[in-house]
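To start, the structure itself, in structure tokens.
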Amino acid sequence: MKPSIPRGTRDFGPAEMQKRQYIFNIIKTNFQLFGYAPIETPTMENITTLTGKYGEEGDQLIFKVLNSRIHESKDDKKELLKKEFITSLEKSYNSELLTEKALRYDLTVPFARYVVMNHHALTYPFKRYQIQPVWRADKPQKGRYREFYQCDADVIGSDSLVNELELIAMMDKSFAELKILVIVKFNNRKILSGIAEILNASDKIIDITVAIDKLDKIGKDGVIKELQSKEISAEAITKLEPLIDLSGTNDAKVSVLKTFLASSEIGKKGIEEIEFLLTNLSSINIKHINVELDITLARGLNYYTGTIFEAKADSGTFTPSILGGGRYDDLTGIFGLKGLSGVGISFGVDRIYDVMEELNLFPESVNKVSTTKILLVNFGEAELMYCVSLAAKLRAAGINAEVYPDVVKKVSKQFEYADKKQIPYVGVVGSNEMTNKTIMLKTMATGEQQELSVENLVNALK
RNA sequence: GUAGAUGUAGCUCAGUUGGUUAGAGCAUCGGUUUGUGGUACCGAGGGUCGAGGGUUCGAGCCCCUUCAUUUACCCCA
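Residues 0 to 461 in numbering that gives the first Met the number 0 are what the first sequence lists, from first letter to last.
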């Protein structure tokens, strides 16, 4: 049988893992620096926990898990199962008889569920970080995987926009350390609600935001066409035009919005929030990222209610969003705990990796196949055991050491092993070294070698 | 779902208007070299040409069907 893995999934070899861990470490360090504590949640959630939170499209992308042991069902239940299966073939339909579990789609909803279940034990505002894979039943493409890691940091139980500010500061620091030039776009769902209100099209808010969101790709005419196809009135489209044309500095955009949204309470609230962030950006001393107000930013997830974030690399040809996030005022409400507002961001490690790979942003130090410092080469059975005890001494001194575990006809094979694993030193042990209680230390890069006592060997490698 | 591209050795790919025994590089193994790798040279093994059907004296190449991979749309990290 020819081996394969499900599409949209990947194996990561040692070389890739070194680079991935480099990214994870930077993000994790920054999460902790800002006071977030780690949690993990199960791979599977009850499907009812997930459905209805990600929008219509999102719900379709949830990986469902077939209930186990359905073949052991009683006959009358089997009849019901057959009916349910046929129904699910004909329309989008969730049958808990068939699937009551699903793989997590993101980390935010499981987090909200966790908060509600552990409400009594948490200290608010509760700040948590979570680094785990998520699954989406998407068609894989460039930069789009069916299994990928998210690195989330969320604060729940605080309305303060200071949380948003600190999240921006954390993005700045993280992307600076990763050396990725990034443009962080932000917007506010309240602005979008305000716009829909002004246009008398509150029921069409999703259609409108999705259309505006495509401005980059399809241009102004394309957006207008899309709006028309969604049965937005001509009058509303005319009203909307100044916003489609919106450009210039963040401040210039705000002043246009102020006029446009003057008669919308929710819109004015959104502007207030945006102004708070803009005027206080200076106090967090951003050095690396570009922060830009973009009213075409919509984001598909249903649960966002306030600030929304998205970050993209600002150079290279591969520029999908590598971070997303926002404020959700009542995600816990669905699980029965009202009045807890949360805000968070999510780094997409897999795309960050792709971007860094394209732009060659990994430091030389992570481009190693192995962290072994010395390989002990043997010339026979007795020498091999001498190597084993020697390795123990090296490791006791904190030196990464490997023993070549076989006795092979050609010693060159052992050197080849060291060479392929890019191990910088080789310790050769033959009968001479054994009688002298020494080791021949060879520096692979230069080919130089010298005979050393065990103590001198440890010192030389330290 | 819709549209395009691609499936040939373990990997990356050549393969002419259809013509004898399907090739290369890398990788693997062996040798030049029984106390020394990365270089060089010599040699070896490895293929139901994605699958099924058709056209033809003859198909890796043309036609049909099907499967897989991949890119774009939609949506998203």
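C-beta atoms are modelled at their ideal positions from N, C-alpha and C, and glycine is treated no differently. Since we're looking at a predicted model, the values are computed, not measured.
For residue i, the first and last residue of its enclosing beta strand (DSSP E)
i, result
"Lys126", "125–134"
"Thr115", "Looking at the sequence provided, one finds Val at residue 115 rather than Thr. Taken as a continuous stretch (DSSP letters only), Val115 belongs to no beta strand (DSSP E), being part of the alpha helix (DSSP H) at 107–116."
"Asn289", "289–292"
"Lys100", "100–102"
Residue i - partner residues in DSSP beta bridges
i, result
"Gly347", "Gln149"
"Gly426", "Leu375, Leu440"
"Ile307", "Asn186, Gly325"
"Ser320", "Lys311"
"Gly341", "Ile155, Tyr327"
"Leu451", "Ile438"
"Pro37", "Tyr128"
"Gln140", "Arg143"
"Val64", "Lys100"
"Val354", "Beta-bridge pairing links Val354 to no other residue."
"Val457", "DSSP, once it has assigned bridges, lists no residue as partnering Val457."
Range of the contiguous alpha helix (DSSP H) that encloses residue i
i, result
"Leu43", "The question names Leu, but residue 43 is Met in the sequence shown. Careful: Met43 lies outside any alpha helix (DSSP H), inside the beta strand (DSSP E) at 43–45."
"Val161", "161–177"
"Asn29", "13–32"
"Thr86", "74–89"
"Gly57", "54–59"
Cβ neighbours of residue i in the same chain (closer than 6 Å, five flanking residues each side left out)
i, result
"Glu83", "Ser94, Leu96, Leu97"
"Ala396", "Val457"
"Ile61", "Leu49, Ala101, Tyr104"
"Ala235", "Leu198, Ala200"
"Leu166", "Ile344"
"Thr371", "Asn399, Glu401, Ile422"
"Asp206", "Lys229"
Other residues of its chain near residue i: CB distance less than 7 Å, five sequence neighbours each side excluded
i, result
"Ile69", "Leu80"
"Pro139", "Arg6, Gly7, Arg145"
"Val4", "Reading off the sequence, residue 4 comes out as Ile, not Val. Once the five neighbours on either side are set aside, the close Cβ partners of Ile4 are Asp10."
"Leu245", "Lys252, Val255, Ile294"
"Leu164", "Leu276, Asn279, Ile283"
"Leu239", "Leu198"
"Arg298", "Ile307, Glu309, Gly323, Gly325"
"Ser314", "Leu180, Leu358"
"Ile204", "Leu191, Ser192, Ala195"
"Gly379", "Val406"
Distance between beta carbons of residue j and residue i, contact taken as under 8 Å
i, j, result
"Thr42", "Arg103", "7 Å"
"Ser452", "Thr442", "With 8 Å as the limit, Ser452 and Thr442 do not qualify as a contact, their Cβ atoms being about 17 Å apart."
"Glu450", "Met439", "5 Å"
"Asn289", "Val183", "7 Å"
"Thr331", "Ala120", "That belief does not hold up - the Cβ atoms of Thr331 and Ala120 are roughly 15 Å apart, past 8 Å."
"Ala417", "Leu460", "No, Ala417 and Leu460 are not in contact; Cβ-Cβ is about 14 Å, not under 8 Å."
"Arg143", "Tyr35", "Not confirmed; about 27 Å, so no contact."
"Thr295", "Asp212", "5 Å"
"Phe275", "Leu160", "5 Å"
"Val222", "Ile197", "Contact flag wrong, Cβ pair sits at about 17 Å."
"Asn301", "Leu277", "Rounded, the Cβ-Cβ distance is 26 Å, inconsistent with contact."
"Gly323", "Val342", "Not really, about 12 Å apart at Cβ, beyond 8 Å."
"Gly266", "Ile194", "7 Å"
"Val427", "Tyr403", "No, Val427 and Tyr403 are not in contact; Cβ-Cβ is about 11 Å, not under 8 Å."
"Asn186", "Glu272", "So it is not a contact: roughly 10 Å between Cβ atoms."
"Gln59", "Leu106", "Actually they do not touch by this definition, with Cβ atoms about 20 Å apart."
"Val365", "Lys18", "5 Å"
"Thr40", "Pro109", "4 Å"
"His287", "Asp171", "5 Å"
"Ile25", "Leu177", "6 Å"
Cutoff 8 Å; reference residue i; Cβ partners in own chain excluding five residues on either side
i, result
"Pro362", "Tyr21"
"Phe125", "Val114, Val154, Ile155, Gly156"
"Lys311", "Val181, Ile182, Lys184, Thr318, Pro319, Ser320, Ile321"
"Met433", "Ala381, Glu382, Tyr385"
"Leu260", "Ile190, Gly193, Ile194, Ile197, Gly266, Lys267, Gly269, Ile270"
beta-carbon residue i near the ligand NAD non-hydrogen atom, thresh 8 Å
i, result
"Ala400", "Within the structure as shown, the ligand NAD is missing, as the structure has no ligands at all."
Continuous alpha helix (DSSP H) assignments of at least 4 residues falling wholly in the segment 199–268: Qualifying alpha helix (DSSP H) stretches, in chain order: 204–212, 214–228, 233–243, 249–259.
Every unbroken beta strand (DSSP E) within the segment 357–422, with a cutoff of 3 residues, ordered by chain: 373–377, 400–402
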